[in-house]
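Q:
Residue numbers (the UniProt record's numbering): 1 to 84.
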């Protein structure tokens, strides 16, 4: 079954989420990151989005990009969901 949004949109979600994580954490020291709940939780939410988008990619995309650790990315999403 074809995903309603399609691979292009899912891949865009992944890229946008990665960019968000970079923007959230740029110039932030580790101590501030862990002490500020918003700073800590915002990247976790983006990791959840990345995992969900990865989980909904077509078999064609996944198989043609076998060097990407898709199962680990999706697994990280599952761990993040336990924290959130």
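All C-beta atoms in this analysis are idealised placements derived from N, C-alpha and C, irrespective of residue type, glycine included.
#1: Within 10 Å of its beta-carbon, does residue 54 have 16 or more other beta-carbons around it, so buried, or fewer, so exposed?
#2: State yes or no: is the C-beta of residue 51 within less than 7 Å of the C-beta of residue 76?
#3: Please say whether residue 10 and residue 56 have beta carbons closer to each other than 7 Å?
#4: Please work out which residues of its chain come closer than 6 Å, Cβ to Cβ, to residue 42, disregarding the five sequence neighbours upstream and downstream, and give them in chain order.
#5: What residues in its chain sit with their C-beta under 7 Å from that of residue 49, if we drop five residues either side in the sequence?
#6: If you measure from the CB of residue 65, is any heavy atom of the ligand ATP nearer than 6 Å?
#7: Would you decide whether residue 88 is buried or exposed? Buried here means 16 or more other CB atoms lie within 10 Å of its CB.
A: In short, the structure shows the following:
#1: buried
#2: yes
#3: yes
#4: 24
#5: 13 and 17
#6: As presented, the structure is devoid of all ligands, the ligand ATP included, so that no description of it is given.
#7: Absent from the model: residue 88. The displayed extent of the chain is 1 to 84, so no value can be given.
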